[in-house]
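Here the structure is laid out as structure tokens; the discussion comes afterwards.
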Amino acid sequence: MKVQVVAFGITKDILGSRNVRMDLAGPVTVGEFRLILENRFTGLKQLKSLGIAINDRYTRDSMEINDNDEIVLIPPVSGG
Amino acid sequence: MKVQVVAFGITKDILGSRNVRMDLAGPVTVGEFRLILENRFTGLKQLKSLGIAINDRYTRDSMEINDNDEIVLIPPVSGG
Amino acid sequence: MDSMIVLTYDPLSIDLCFEHINKKSHGGNCIFIGTVRNPNKGKAIRHLDFESHLPMAHRELENICDQILSNYPGSRIYISHRLGQVEPGQIVVIIGVSGAHRKETFENCSTIIDTLKQTVPIWKKETTTDGEFWVNAFP
Amino acid sequence: MDSMIVLTYDPLSIDLCFEHINKKSHGGNCIFIGTVRNPNKGKAIRHLDFESHLPMAHRELENICDQILSNYPGSRIYISHRLGQVEPGQIVVIIGVSGAHRKETFENCSTIIDTLKQTVPIWKKETTTDGEFWVNAFP
Numbered sequence: 002m003k004v005q006v007v008a009f010g011i012t013k014d015i016l017g018s019r020n021v022r023m024d025l026a027g028p029v030t031v032g033e034f035r036l037i038l039e040n041r042f043t044g045l046k047q048l049k050s051l052g053i054a055i056n057d058r059y060t061r062d063s064m065e066i067n068d069n070d071e072i073v074l075i076p077p078v079s080g081g
Numbered sequence: 002m003k004v005q006v007v008a009f010g011i012t013k014d015i016l017g018s019r020n021v022r023m024d025l026a027g028p029v030t031v032g033e034f035r036l037i038l039e040n041r042f043t044g045l046k047q048l049k050s051l052g053i054a055i056n057d058r059y060t061r062d063s064m065e066i067n068d069n070d071e072i073v074l075i076p077p078v079s080g081g
Numbered sequence: 064m065d066s067m068i069v070l071t072y073d074p075l076s077i078d079l080c081f082e083h084i085n086k087k088s089h090g091g092n093c094i095f096i097g098t099v100r101n102p103n104k105g106k107a108i109r110h111l112d113f114e115s116h117l118p119m120a121h122r123e124l125e126n127i128c129d130q131i132l133s134n135y136p137g138s139r140i141y142i143s144h145r146l147g148q149v150e151p152g153q154i155v156v157i158i159g160v161s162g163a164h165r166k167e168t169f170e171n172c173s174t175i176i177d178t179l180k181q182t183v184p185i186w187k188k189e190t191t192t193d194g195e196f197w198v199n200a201f202p
Numbered sequence: 064m065d066s067m068i069v070l071t072y073d074p075l076s077i078d079l080c081f082e083h084i085n086k087k088s089h090g091g092n093c094i095f096i097g098t099v100r101n102p103n104k105g106k107a108i109r110h111l112d113f114e115s116h117l118p119m120a121h122r123e124l125e126n127i128c129d130q131i132l133s134n135y136p137g138s139r140i141y142i143s144h145r146l147g148q149v150e151p152g153q154i155v156v157i158i159g160v161s162g163a164h165r166k167e168t169f170e171n172c173s174t175i176i177d178t179l180k181q182t183v184p185i186w187k188k189e190t191t192t193d194g195e196f197w198v199n200a201f202p
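Residue numbers (this note's numbering), protein chains in the order written: chain W, 2 to 81; chain E, 2 to 81; chain D, 64 to 202; chain U, 64 to 202.
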């Protein structure tokens with residue numbers, strides 16, 4: 002299963018790129034995906050929070066990720 | 002004793018003029034002056050309030066009016 | 064100069080307000096703009112006329128500014144009020160406050176317009192399709 | 064159109080904000096303007112950089128507007144946020160709200176900027192004399 006990860010703010014610096022293509026083995030929930038990501042990019046563990054949106058919608062950790070989903074990483078926002 | 006009365010807002014309409022020169026017999030307090038004024042210009046009695054300033058300072062009713070004072074009539078304000 | 068007060072027969076300028084209050088050490092700027100509403104309370108407004116006793120109005124507005132500057136030193140304040148005839152949609156009053164923290168700029172801006180309406184010797188006459196009325200004169 | 068949202072790399076305009084919110088049936092207009100503060104929390108700021116995930120930011124800002132418009136029908140709302148590099152003293156954000164009653168314009172304007180800071184996917188990087196820092200990223 003292939004997904005496209007889009008990283009904003011500090012997560013772009015941690016991943017080293019705005020867009021990262023990842024292969025996931027079998028069905029994965031958002032919560033499981035966050036752990037996979039934090040193991041590969043350990044800097045993510047230090048963030049105050051890390052929201053994950055799929056296809057531009059906020060998610061819950063129990064949601065399933067599907068093939069070809071676009072996964073957006075949302076570190077703590079700081080607009081204004 | 003002569004005083005200059007300066008009327009703003011609706012009090013100008015009631016007095017018929019911005020500036021009215023008045024002769025007062027003997028020493029008069031602000032409170033007494035208000036009664037004199039309301040008897041001469043009865044429309045003043047209907048106002049929600051009527052502040053009186055002397056030489057551009059707000060007054061209390063017990064204050065004495067002096068010869069040549071400039072007396073400013075302050076009907077309810079409505080700026081903004 | 065931390066506060067500026069403008070009472071004028073000319074159109075008011077939001078840009079001048081922002082120019083006065085914007086300060087590099089401040090992040091927050093709150094501006095209130097009051098315009099001539101039409102209709103107002105069911106009446107069709109042709110125009111408003113404002114008059115003021117200028118020396119007392121200036122002094123009262125300075126008092127309002129001093130009060131806020133003593134509680135929030137370093138704030139910048141701009142107060143302007145239009146005089147004479149003002150048409151529907153035009154600006155009557157602009158109040159601008161800047162400060163280090165945005166909460167206080169909202170509060171101070173709101174306090175200034177509330178106090179201005181209650182204490183500053185400015186009077187408004189409404190000309191409506193029914194005639195002329197001094198606002199707030201009667202109980 | 065009762066609400067307008069502008070996310071742009073160009074300088075923001077207070078005049079455009081007022082033009083959008085000013086309405087003859089409204090007397091009160093509250094505008095909040097956030098600028099780049101320097102120094103900020105003791106650090107000398109060279110500039111800020113803002114980035115946003117635009118589709119989600121637009122949707123989140125529309126939600127904020129819809130929420131207010133459902134409680135205060137007929138209000139007008141203007142929200143603009145600068146993206147890219149912004150220098151000290153320049154405008155980062157403009158929030159404008161007009162309505163029939165001034166109290167509600169202050170409250171709604173304040174609510175919008177509070178909510179924007181908490182929920183809208185916009186990120187700010189500070190470039191100071193000590194280096195670059197993503198604001199608010201760490202506990």
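Built from N, CA and C at the ideal position, the CB exists for glycine as well.
To the nearest angstrom, how far is it from the Cα of residue i to the Cα of residue j?
| i | j | result |
| --- | --- | --- |
| D78(U) | I176(D) | 21 Å |
| I140(D) | A107(U) | 25 Å |
| I157(D) | E39(W) | 51 Å |
| F196(U) | Y59(W) | 25 Å |
| R35(W) | M23(W) | 13 Å |
| R122(D) | P202(U) | 49 Å |
| L74(E) | T174(U) | 42 Å |
| R61(E) | L51(E) | 12 Å |
| N92(U) | D65(U) | 14 Å |
| N67(W) | V29(W) | 8 Å |
| A200(D) | E170(U) | 29 Å |
| K180(D) | D14(W) | 53 Å |
| S76(U) | E33(W) | 45 Å |
| V6(E) | P74(U) | 53 Å |
| S18(E) | A8(E) | 7 Å |
| L48(W) | N85(D) | 34 Å |
| N69(W) | N20(W) | 13 Å |
| K46(W) | H116(U) | 22 Å |
| G147(U) | T178(D) | 40 Å |
| Y72(U) | E71(W) | 25 Å |
| K166(U) | P151(D) | 21 Å |
| T208(U) | P102(U) | Since the first and last residues shown for chain U are 64 and 202, residue 208(U) lies out of range. |
| I96(D) | M2(E) | 46 Å |
| V69(D) | V155(D) | 12 Å |
| G194(D) | G90(U) | 21 Å |
| R16(E) | G10(E) | Checking the sequence shown, residue 16(E) turns out to be Leu, not Arg. Their Cα atoms are separated by approximately 11 Å. |
| M67(D) | V31(W) | 56 Å |
Is it right to say residue i is buried, meaning 16 or more other beta carbons lie within 10 angstroms of its own, or is it exposed?
| i | result |
| --- | --- |
| N56(E) | exposed |
| R100(D) | buried |
| R264(D) | This structure gives no information on residue 264(D), because the portion of chain D shown stretches from 64 to 202. |
| P76(E) | buried |
| I203(D) | This structure gives no information on residue 203(D), because the portion of chain D shown stretches from 64 to 202. |
| I37(E) | exposed |
| S63(E) | exposed |
| S133(U) | exposed |
What residue does the beta strand (DSSP E) around residue i start on, and which one ends it?
| i | result |
| --- | --- |
| V160(U) | 154-162 |
| T190(U) | 185-191 |
| V31(W) | Premise fails: V31(W) lies in the alpha helix (DSSP H), 31-41, not in any beta strand (DSSP E). |
| H110(D) | 108-115 |
| F95(D) | 91-98 |
| Q148(D) | 147-149 |
| L74(E) | 71-75 |
| D62(W) | Segment: none, D62(W) is in no beta strand (DSSP E) and carries neither H nor E. |
| D57(W) | Looking at the DSSP string, D57(W) is not in any beta strand (DSSP E), and its letter there is neither H nor E. |
| Q5(E) | 3-8 |
Any heavy atom of the ligand FAD closer than 6 Å to the beta-carbon of residue i?
| i | result |
| --- | --- |
| V73(E) | The ligand FAD is not part of this structure, which contains no ligands at all. |
Within the continuous alpha helix (DSSP H) that includes residue i, where are the two ends?
| i | result |
| --- | --- |
| D14(E) | 11-16 |
**Report entry** Inter-stretch contact at 8 Å, needing at least 3 Cβ pairs: the segment 173-191 of chain U / the segment 107-114 of chain U
**Finding:** yes
Query raised in the report: Would you call the segment 161-170 of chain D and the segment 127-141 of chain D touching, i.e. three or more CB-CB distances under 8 Å?
Result: yes
Report task. Please go through the segment 64-90 of chain D and give each complete alpha helix (DSSP H) segment of 4 or more residues, from N-terminal end onward. Result -> 77-84
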